[in-house]
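Enquirer: First the structure, then my questions, so here it is.
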Amino acid sequence: MTLIRLIQFLILNITSEQSGQVKQESMRRSLVMSKKFQLVRLFFGVLGLTLQFFTFAAAQEMNVTLSIDEKRPYELTVTGSFKQERPLNESHVLAFAENVAGVVLPAERISKPYARDDQGNALQLVTTPRCCIALGKIVDFSYIVDLRSTYRLRDAAHVSWLKDQTGVLMLGDLLPQEFKPTGKIRNATVNLELPNGWKHFSTARQGPSGTLVISDLDYSAIFVGTGWRSSQFEVERNRFTVVTGGNFQVSYDEIDSRSRAILLDYSRLFGELSGGNYLIAVYRPNLATGEWAADTRGRTALIATTEMPFKSQTLQQLDEQLRHELFHFWIPNGVSLSGRYDWFYEGFALYSSLRLAVRSNTIRFDDMLDTLGRAFSVETSTGLIQLTKERYGGSERELYAKGLAFAFLCDLALNISSKGKRSSDTLVRELYQTYSDRAERTDGNEAVLKLLNSYPELRPIVGEYVTETKGRPDKQLIHAASLFDNSGLDLMTSNGIKKLSVRSKLNSRQKAILDKLGYNSWRKLVKDSK
Ligand SMILES: [Zn+2]
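For what it's worth, this note's numbering labels the leading residue of the sequence shown as 127, then goes sequentially.
Have a look at this one:
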């Protein structure tokens, strides 16, 4: 049996036994490699090839050409070369992402892999569903990615796709990954070869001869095709390009002006963004009414959304999507924090978005209370850090609901103890100001817990809601009840749904807290509409 056949034999036999478990594992991670790599590593060991441990620090830099042939406008040919020496265990492998934000990428979308060593000799490749292994060092490579297979609504916001001469290239799922992800920021120079008449948009810097300099592969998206329209505006020192695809009831001006207003408001609350170039893409897939998915990656926000039956509802939905996604330009994408602290930035994005909607009279104060009440209806004893780990394994709804409830309780606690001088916005601003300009990354959970625990009034709720693996819902509600009591709010349960309401009799302190929460905006709206 030749060496290649031996590897193939081992891989085929072992992975087929393990495939069920591999799939389950992979669902829990956002941008991950297959567990099969661990098996592949094992084979190298079996075959006596040296494996280093992963202590190297070098960034994996490459030059790539991404080309689309007009006769096959659903396929991407990737041709490239590694420009830095890769560690031995990496250098024999072309590895591909397995799933992104819960979207599983079909292995068969990658075809015709080809590789050469530094002498220009073609290398024989052993192909597993998620990677190609060569017996020599891979220097040049090419393969084809079929981008039709990943076209569904959720995919339209999270992974690469090409349809009707329009699409998005997300380099994180298109280019070779690290054999074992180290979390290092990887960069590349990209040359685009597109059919005549196709445009492209991205936040990437222009390099020599029209190339794009991508500073972080996993957070970059390039919009390509004939179906995108674009416009630009500036907010403070940053430039925002709005790219839209598909026919909308709402005008492009409305999308621009809503985005601008939201960005101005968040800038005032949290501080100016400092990225320079940002991109907001709103894309309308051909799907049933009311469905949507969104993702904010680096300095690019992508909202894939259908419309509602009426224009006013569509505008409201779009407003909500923008308020949420644009928040992420600050947290997590504007700070040097690493790891999975989704519980914080998803909860605070939802809550900040609700507060902004009340302030701008987009929703009524009562609508906000209604949403918050529903968040308390989703009861789970699992703590937020643990829920984050289980996010893509079916806990997303609990994570969002509990994260929102937690952000609201933080807002109440801070408002009460500071007599209205501090709020949930104070926390977001402090986190952004502390970590936005740092070169070194800090662990996100560590940084956020340090910040929250610096306020003694937040410590009891942090303990119950965040760090406890299994908290006690009754204990959590006791903390919430005392905060509601101080704010003039009641939380009642009817038919299993919790409802928050303002008490009929309020003392002056309760009125002051409610005013801070936007109770005034509600009164103003009623007055204006009379
Ligand atoms: Zn979010």
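For each residue, glycine too, the CB sits at the ideal point set by N, CA and C.
Is the stretch 190-200 in contact with the stretch 209-221, if contact means three or more CB pairs nearer than 8 Å?
Expert: no
Enquirer: Given the structure, does Glu583 come close to ligand 1, in the sense that its CB is under 7 Å from one of the ligand's heavy atoms?
Expert: no
Enquirer: Among residues of its own chain, excluding the 5 on either side of Gly293, which ones have a beta-carbon nearer than 8 Å to its beta-carbon?
Expert: Within the same chain, Gly293 has close Cβ partners Leu273, Ser286, Trp287, Phe349, Val350 and Gly351.
Enquirer: For the candidate residues Ala430, Leu390 and Ile340, whose alpha-carbon lies nearest to that of Ala363?
Expert: Note on residue identity: the sequence assigns Arg, not Ala, to residue 363. Among Ala430, Leu390 and Ile340, the Cα nearest to that of Arg363 is on Leu390.
Enquirer: Pick helix, strand or coil for Arg331, following the three-state DSSP scheme.
Expert: strand
Enquirer: Could you compute how far the alpha carbon of Asn412 sits from the alpha carbon of Ser356?
Expert: 20 Å
Enquirer: For Thr432, which residues of its own chain have a beta-carbon under 7 Å away from its beta-carbon, when the five flanking residues on both sides are left out?
Expert: Around Thr432: Arg410, Pro411, Leu413, Ala414, Thr415, Gly416, Glu417 and Trp418.
Enquirer: Please report how far the alpha carbon of Ser341 lies from the alpha carbon of Asp382, in whole angstroms.
Expert: 27 Å
Enquirer: Is the CB-CB distance between Leu369 and Leu444 below 8 Å?
Expert: The displayed chain sequence assigns Val, not Leu, to residue 369. Contact flag unset, no.
Enquirer: Going residue by residue through the stretch 203-233, where are the continuous alpha helix (DSSP H) segments of at least 4 residues, counting only ones entirely within it?
Expert: 214-217
Enquirer: I believe Ala573 touches Leu557 by the beta-carbon criterion, under 8 Å. Please report the beta-carbon distance rounded to the nearest angstrom.
Expert: 7 Å
Enquirer: Out of curiosity, what's the CA-to-CA distance linking Asp244 and Phe267?
Expert: 11 Å
Enquirer: Cα separation between Gln358 and Leu448?
Expert: 16 Å
Enquirer: Excluding five sequence neighbours on each side, which residues of the same chain lie with their C-beta closer than 7 Å to the C-beta of Asp299?
Expert: Closer than 7 Å at the Cβ level, and outside the excluded window around Asp299, lie Ala223, Val226, Leu231, Val285 and Ser286.
Enquirer: Looking at C-beta atoms only, is the number of pairs between the stretch 495-509 and the stretch 593-603 that lie closer than 8 Å three or more?
Expert: yes
Enquirer: Name the residue from Ile587, Asp421, Ser630 and Phe470 whose alpha carbon lies nearest to the alpha carbon of Leu609.
Expert: Checked all of Ile587, Asp421, Ser630 and Phe470; the closest Cα to Leu609 is Ile587.
Enquirer: Could you please give me the residues that DSSP links to Leu405 through a beta bridge?
Expert: As DSSP reads the structure, Leu405 sits in a beta bridge with Thr367 and Thr426.
Enquirer: With distances taken Cα to Cα, identify the nearest neighbour of His218 among Trp456, Val229, Gly246 and Ile264.
Expert: Ile264
Enquirer: Examine ligand 2 and report whether any of its heavy atoms sits within less than 7 Å of the Cβ of Ala419.
Expert: In the structure on display, ligand 2 does not appear, and the ligands it does have are ligand 1.
Enquirer: Among residues of its own chain, excluding the 5 on either side of Thr128, which ones have a beta-carbon nearer than 8 Å to its beta-carbon?
Expert: Annotation note: pLDDT 34 at Thr128 (below 50); position unreliable, no value reported.
Enquirer: Express the C-alpha separation of Leu640 and Lys545 in angstroms, rounding to a whole number.
Expert: 12 Å
Enquirer: Taking the straight line between their C-alpha atoms, what separation do you get for Asp290 and Gly353?
Expert: When rounded, the distance between both Cα atoms is 8 Å.
Enquirer: Do the CB positions of Leu615 and Leu626 come within less than 8 Å of each other?
Expert: yes
Enquirer: Can Glu446 be considered in contact with ligand 1, in the sense that its beta carbon sits closer than 7 Å to one or more heavy atoms?
Expert: no
Enquirer: Nearest to Ser335 by alpha carbon, out of Asn317, Gly323 and Leu343?
Expert: Ranking Asn317, Gly323 and Leu343 by Cα distance to Ser335 puts Asn317 first.
Enquirer: Quick check on the DSSP output: what are the complete beta strand (DSSP E) runs of length 3 or more inside the stretch 403-488, in order along the chain?
Expert: 403-409, 418-423 and 426-431
Enquirer: Can you tell which of Ser486, Asp281, Met494 and Leu320 has the C-alpha that lies nearest to the C-alpha of Leu192?
Expert: Nearest of Ser486, Asp281, Met494 and Leu320 to Leu192, Cα basis: Leu320.
Enquirer: Can you check which of these residues, Val361, Ala387 and Ala430, is closest to Gly401 by C-alpha distance?
Expert: Val361
Enquirer: In this structure, how does DSSP classify Thr560 when only helix, strand and coil are distinguished?
Expert: helix
Enquirer: Can you say whether Arg155 is buried or exposed, counting buried as having 16 or more other CB atoms within 10 angstroms of its CB?
Expert: Low per-residue confidence applies at Arg155: pLDDT is 31, beneath 50, and the placement is therefore not dependable, though the value from the model is reported in the following sentence. By the 10 Å Cβ count, Arg155 comes out buried.
Enquirer: Would you mind sorting Gly529 into buried or exposed? The rule is 16 or more other CB atoms within 10 Å of its CB.
Expert: buried
Enquirer: With DSSP collapsed to three states, give me the class of Phe267.
Expert: strand
Enquirer: With 16 as the cutoff for other CB atoms within 10 Å, does Arg585 come out buried or exposed?
Expert: exposed
Enquirer: Is it the case that the CB of Ala475 approaches a heavy atom of ligand 1 more closely than 7 Å?
Expert: yes
Enquirer: With contact counted as at least three CB pairs below 8 Å, one residue from each stretch, are the stretch 566-581 and the stretch 458-478 in contact?
Expert: yes
Enquirer: Among all the DSSP beta bridges, which residues are the ones paired with Lys325?
Expert: Beta-bridge pairing links Lys325 to Gly351.
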